[in-house]
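Trainee: Heads up: the protein sequence lines correspond to chains H and V, in order.
Everything in the first sequence is counted per the UniProt record's numbering, starting at 1 for the first residue and increasing by one.
Everything in the second sequence is counted per the UniProt record's numbering, starting at 1 for the first residue and increasing by one.
Can you read through this structure? Questions will come right after.
Number of protein chains: 2
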Amino acid sequence: MPEVPPPAPTGDALLRVLSALGNPHRMRIVAALLESRNYVSALAREIGMSRPLLHMHLQRLEAAGLVVGTLELAEDGKAMKYFDVTPFFYELTPDVVARAAATLTDAERAQPEKTEAEKEEAK
Amino acid sequence: MPEVPPPAPTGDALLRVLSALGNPHRMRIVAALLESRNYVSALAREIGMSRPLLHMHLQRLEAAGLVVGTLELAEDGKAMKYFDVTPFFYELTPDVVARAAATLTDAERAQPEKTEAEKEEAK
DNA sequence: CGTACCTGTCAGAAAAGGCTGACAGGGCTC
DNA sequence: GAGCCCTGTCAGCCTTTTCTGACAGGTACG
């Protein structure tokens, strides 16, 4: 069997990824999380961003499947949400874009496509 | 010598590419142009979009270096701007994103970085 | 000269994204 | 209980992006 079948993301999925990554703050967040996983409050302090704002950005990244957050209990009982970068891989070429564009849901809102997180949860 | 050295786009360049492609209309425009090069007015009719709007989207795509427009004179003397998709190729992985994030210009506007088109023009 | 097609640009409306401050809940330690 | 740290959410503001309608210029044809 082939090791790596050519990835062909759906239009909506690719759109989520590109618009999520097409933002300087979110690029930096991915960079910071790649260096070391972290929880929301600490990360907010590290990169000098308000916590609600960071929360929003993380939501967007998670909806695109680029990071995953897991709620972990520390020894002292505090509930902390740690985020990790997923080992994502997308090839960006005219062909991939065209292929994806062909499968674009007309209006994102028309078919509230499940996010990666929701797909997991539904198992 | 290696055939393909690992591409490492600057933060600003990658940001332009991702935010340009992170839009359903622009994905469709790339798809349409890949199938057949076209000029602005005809393309606008083809994909059912107002001409000024399409003009704006094409500008964004060209600034990201994903398409190129060339002004060509038809036999009847009409000046028509034909657009072609460039054979772009970007790998999207956590590492590439992190590498790019490290070279992000703090504020895009602070250093009015030259667009791909302007670099060409400056030769 | 009027019409038809091409190009570009501009002001202003509409929609989407980004951002803040405040609130609410939880568990721990002193 | 008060204080501290963690989590999340909300209304509202501000900025950016998206989009329209109207205007400008150009060449060619009848």
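The beta-carbon is built from N, C-alpha and C at its ideal position, and this holds for glycine as well.
1) Looking at the unbroken beta strand (DSSP E) that takes in G69 (chain V), where does it start and where does it end?
2) L61 (chain H) and R26 (chain H): beta carbons closer than 8 Å?
3) Output the boundary residues of the alpha helix (DSSP H) element that contains D95 (chain V).
4) Taking Cβ-Cβ distances below 9 Å as the criterion, which residues of the stretch 13-24 of chain H are in contact with chain V?
5) Since D84 (chain H) is in the beta strand (DSSP E), which residue starts that stretch and which ends it?
6) At 8 Å on the CB atoms, spell out the chain V contacts of F88 (chain H), in chain order.
7) I want to see whether chain V comes within less than 8 Å of L73 (chain H), judged by CB atoms only; does it?
8) Which term fits A100 (chain V), buried or exposed, when burial requires 16 or more other beta carbons within 10 angstroms of its beta carbon?
9) Looking at the C-beta of L54 (chain V), does it have a partner C-beta in chain H at a distance below 8 Å?
Mentor: Quick answer:
1) Position 69 of the second sequence, counted from the start, is the residue given in the question as residue 69 (chain V). Segment 67-73, the beta strand (DSSP E) holding G69 (chain V).
2) Locating residue 61 (chain H) in the first sequence gives position 61, counting from the first residue. Locating residue 26 (chain H) in the first sequence gives position 26, counting from the first residue. In this structure, L61 (chain H) sits near R26 (chain H), with a CB-CB distance shorter than 8 Å.
3) Your numbering for residue 95 (chain V) matches position 95 in the second sequence. Taken as a continuous stretch (DSSP letters only), the alpha helix (DSSP H) holding D95 (chain V) covers 94-102.
4) Listed in sequence order: L14, L15, R16, V17, L18, S19, A20, L21, G22, N23, P24.
5) Here residue 84 (chain H) is taken as the residue at index 84 of the first sequence, counted from 1. 79-85 is the span of the beta strand (DSSP E), which, as asked, contains D84 (chain H).
6) Residue numbering aside, residue 88 (chain H) sits at position 88 when the first sequence is read from its first letter. Residues of chain V whose Cβ lies closer than 8 Å to the Cβ of F88 (chain H) are, in chain order, L92, T93, P94.
7) For this step, residue 73 (chain H) is matched to residue 73 along the first sequence. L73 (chain H) does not count as touching chain V.
8) The count along the second sequence starts at 1 and reaches residue 100 (chain V) at position 100. Under this definition A100 (chain V) is a buried residue.
9) Translated into positions along the second sequence, residue 54 (chain V) becomes position 54. False, the Cβ-Cβ gap to chain H never drops below 8 Å.
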